[in-house]
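Enquirer: Pasting a structure below so you can have a look.
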Amino acid sequence: MPQYLLFTDLDGSLLDGNTYSFDEAQPALDLLRSQNIPVILVSGKTCAEIEPLRERLEHQAPFIVENGAAVYVPLETFDFTPERSRRRASYHVIELGTPYALLRDVLRQIEDAVGTRLRGFGDLSVDEVMATTGLSREDALRSMLREFDEPFLVNGPPKLIEEICRQIVTRGLNWTRGGRFFHLMGNNDKGRAVEILLRCYKRQGLDPDLSDLETIGIGDSLNDLPLLLTVDHPILVQKPDGSYDPDIDLPNLIRAPGVGPAGWNHAVLDILQRASEETPHGQPLDIRIS
Ligand SMILES: [Mg+2]
């Protein structure tokens, strides 16, 4: 059996899009843990939001925040200091994003340029964030502690949305779309952040010739496309209405038969089951990375 690394989106993927529960993915999470397969969280969420979630998940592995803007590596993960990182609390942090204050300025400029009000997270009250996202007050407050990525709402015809996206790109920034929001951000995406971690795992020497390292990626929305393009086994889960994001289509895409964490559970169990059947005498791989 190959050595797997699993990279997963949170909202709408590992976490239910409405209740933010991961209960339905628990059987697959248990199996991943028993096989020592690292699960790397790759989210549009902030570090402040992901930390309490990691406690609930008993999560030890690195995580990626704000759509690839920063990679958080717990100090004990690797026996070296990742390149370009700086120490922050109990992590090595690799920052790839553009400072939030600059994004806020550009959002105002674009608003003027297109003549339409754009409501970013920075314009919303806690109550408005709670109403829009369904988050609890505490989680909403944590989601507002943004450093590198501004989620914003647009109501308007496709032509207006196209123009806003064009205005973003002409200013040297980027946009993407998650489950609920458009996102204004710098030169970062989930795929680039995943590649950095992948290089770290390879350097750590999970596998001496690296030929057996296989990556699984799971997402539900357009902001997961760069992640899905980076992995060997890209998995797309269903949206709450049972549909698949129409903007994601890759030749080797696995469409999980289920919404969010239910699809997540099914697809992961399926891959691990098939891998164990293909190597009947395979031993569980010994990896020293938590
Ligand atoms: Mg998502």
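The letter at position 62 of the sequence shown is residue 61 when you use numbering that gives the first Met the number 0, and the numbering goes up by one with no holes.
A virtual CB, placed ideally from N, CA and C, is assigned to each residue, including glycine.
Only a predicted model underlies this, so the values are computations on that prediction, with no experimental measurement involved.
Could you tell me which residues DSSP pairs with His91 in its beta bridges?
Expert: Beta-bridge pairing links His91 to Val72 and Arg86.
Enquirer: For ligand 1, I want to know if Gly11 counts as a neighbour, meaning its beta carbon is within less than 7 Å of at least one of the ligand's heavy atoms.
Expert: Yes, the beta carbon of Gly11 sits closer than 7 Å to at least one heavy atom of ligand 1.
Enquirer: Mind checking Gln25: buried by the 16 CB within 10 Å criterion, or exposed?
Expert: Flag for Gln25 reads exposed.
Enquirer: Alpha carbon to alpha carbon, how far is Arg103 from Thr97? Give it in angstroms, no decimals.
Expert: Those two C-alpha atoms are separated by around 11 Å.
Enquirer: Quick one: give me the first and last residue of the alpha helix (DSSP H) that Asp138 is part of.
Expert: Per DSSP, Asp138 belongs to the alpha helix (DSSP H) from Arg136 to Ser142.
Enquirer: Between Met143 and Val128, how many whole angstroms is the CB-CB distance? I'm expecting something under 8 Å.
Expert: Correct: roughly 6 Å between the Cβ atoms.
Enquirer: Going by the beta-carbon positions, is the gap between Pro225 and Asp188 smaller than 8 Å?
Expert: A contact, by the Cβ cut-off of 8 Å.
Enquirer: In three-state DSSP terms, what is Met129?
Expert: Looking at Met129 - three-state DSSP - the assignment turns out to be helix.
Enquirer: Quick test of the definition: if touching needs 3 or more C-beta pairs under 8 Å, does the region 231 to 240 touch the region 113 to 127?
Expert: Touching, no, given that fewer than three Cβ pairs across the two stretches are closer than 8 Å.
Enquirer: Residues bridged to Arg254 by DSSP?
Expert: BP columns for Arg254 point to Leu235.
Enquirer: Between which two residues does the alpha helix (DSSP H) carrying Gln166 extend?
Expert: Looking at the DSSP string, the run of the alpha helix (DSSP H) that includes Gln166 is Pro157 to Thr169.
Enquirer: Drop a sphere of 10 angstroms on the beta-carbon of Glu149, count the other beta-carbons inside from all chains shown, and report buried for 16 or more, exposed for fewer.
Expert: Label assigned to Glu149: buried.
Enquirer: To the nearest whole angstrom, what separates the beta carbons of Gly185 and Phe147, a pair I think is in contact under 8 Å?
Expert: Confirmed, about 7 Å.
Enquirer: Suppose you measure from the CA of Pro73 to the CA of Ala60; what does that come to, to the nearest Å?
Expert: Near 7 Å, if we compare the C-alpha coordinates of Ala60 and Pro73.
Enquirer: Does the Cβ of Lys44 have 16 or more other Cβ atoms within 10 Å, making it buried, or fewer, making it exposed?
Expert: Buried, by the Cβ-count rule.
Enquirer: What are the residues that DSSP puts in a beta bridge with Trp263?
Expert: BP columns for Trp263 are empty, so no partner.
Enquirer: Could you check whether the Cβ of Gly178 sits closer than 7 Å to any heavy atom belonging to ligand 1?
Expert: At least one heavy atom of ligand 1 is nearer than 7 Å to the Cβ of Gly178, so yes.
Enquirer: Which residue comes first and which comes last in the alpha helix (DSSP H) that contains Ile63?
Expert: First-last for Ile63: Phe62 to Val64, but that is the beta strand (DSSP E), not the alpha helix (DSSP H).
Enquirer: Which term fits Leu4, buried or exposed, when burial requires 16 or more other beta carbons within 10 angstroms of its beta carbon?
Expert: Buried, since its Cβ has 16 or more Cβ neighbours within 10 Å.
Enquirer: Go ahead and pull the three-state DSSP assignment for Asp111.
Expert: DSSP places Asp111 in helix when its eight states are reduced to three.
Enquirer: Leaving out five residues before and five after Leu95 in sequence, what residues of the same chain have Cβ atoms less than 7 Å from its Cβ?
Expert: The answer, listed in chain order, is Gly67, Ala68, Ala69, Asn187, Arg191 and Ala192.
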